[in-house]
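This report refers to the structure that appears directly beneath it.
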Amino acid sequence: MDCLSHRALQRIADVPEGRSFVVAQLGQSLDGRIATATGDSRYINRAAALDHLHRLRAAVDAVVVGVGTVVADDPQLTVRRVPGRNPARVVLDPRGRLPPDARCMTSPDARRLVIRSVSGPCPAGVEEIVLPSAAGRLDPHAIVAALAARGLCRLLIEGGARTISAFLDAGCIDRLHLLVAPIIIGSGRAGLELSPIGPLSEAIRPQTDIYVLADGDVLFDCDLRRCNGEACCVPETDVRGLPPGS
102 MDCLSHRALQ RIADVPEGRS FVVAQLGQSL DGRIATATGD SRYINRAAAL
152 DHLHRLRAAV DAVVVGVGTV VADDPQLTVR RVPGRNPARV VLDPRGRLPP
202 DARCMTSPDA RRLVIRSVSG PCPAGVEEIV LPSAAGRLDP HAIVAALAAR
252 GLCRLLIEGG ARTISAFLDA GCIDRLHLLV APIIIGSGRA GLELSPIGPL
302 SEAIRPQTDI YVLADGDVLF DCDLRRCNGE ACCVPETDVR GLPPGS
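Oh and the sequence shown: position 100 is 201 in the numbering used here, straight run, nothing missing.
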């Protein structure tokens, strides 16, 4: 393992038992694209970045994706490229769009959960969590709290970009692992789309460590709880995934 990548992963391993901790991972081009205009995204990042993603999966209790990622990519969400255990797989599916044959939900080699706003049929062995939604969107704080209540405290928000953006906007991410490949796409889908800000002083400027991976991709390990050495504007969450005092 790249020793620098290992240093970023060790921060997850050092989280106290039972404390909610959320890391998000996003791979993109130099110009901030995660796919071309036609949707092609394989592979923007190279082998070392993919290895890092699989190590992230092995370091957490559960990997979380939106149902759009499942419909588009049918991911397995397993640990295949590195040694380690498969995490639980969680699909956010507020409107019941989950395909019945989705690979991440039909393979029984790890715990599987689906989070919805209305109860519906699930593949055999899949746990269902029903949470309130607003305008068809689930509350990231409620998601973190519901998973923590089920013993899943260390979470990887893996995709897609809309899901990661929603968790970032809600202040639910502790660390963001942004993997940048030395490629310029020039058009296509942007990685992060957050709520508009006014002055630049409102931008999130996290304390960041930078690691160059073995084949040239660059990992930006962003501490979203620290901005310029001080407490960040992103609010802390307690073990339930809620702001302290909630």
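Virtual Cβ for every residue (Gly too), placed ideally from N, Cα, C.
Please identify the residue among Arg327, Asp318, Leu325 whose C-alpha is closest to the C-alpha of histidine 153.
Asp318
Indicate the three-state DSSP secondary structure (helix, strand or coil) for arginine 263 in the structure shown.
helix
Between which two residues does the alpha helix (DSSP H) holding threonine 207 run?
204–207
Check whether the Cβ atoms of isoleucine 113 and arginine 276 sit closer than 9 Å, and answer yes or no.
yes
With arginine 212 and glycine 197 assumed to form a contact (beta carbons below 8 Å), what rounded beta-carbon distance in angstroms separates them?
Their Cβ separation, rounded to whole angstroms, is 21 Å, which puts arginine 212 and glycine 197 out of contact at 8 Å.
According to the neighbour-count rule (16 or more other Cβ atoms, all chains shown, within 10 Å of its Cβ), is glycine 287 buried or exposed?
exposed
Quick check: what's the CA-CA separation for alanine 121 versus cysteine 254?
Sequence inspection shows serine at residue 121; the alanine mentioned does not correspond to that position. Going by C-alpha positions, serine 121 is about 4 Å away from cysteine 254.
With three or more C-beta pairs closer than 8 Å as the rule, is the region 159–176 touching the region 305–324?
Taking one beta carbon from each stretch, the region 305–324 and the region 159–176 have fewer than 3 pairs nearer than 8 Å; the two do not touch.
According to DSSP, simplified to helix, strand and coil, what is aspartate 162?
coil
Between the region 231–251 and the region 171–187, do three or more beta carbon pairs fall short of 8 Å?
no
Less than 9 Å separating the beta-carbons of aspartate 175 and proline 200?
yes
Enumerate in chain order the residues of its own chain whose CB-to-CB distance from glycine 260 is below 6 Å, with the five nearest sequence positions on each side excluded.
Val166, Thr170
Measuring straight from C-alpha to C-alpha, what distance separates serine 296 and aspartate 270?
7 Å
Is the beta carbon of alanine 189 less than 9 Å from the beta carbon of valine 215?
no
If I follow the unbroken beta strand (DSSP E) through valine 123, where does it start and stop?
122–129
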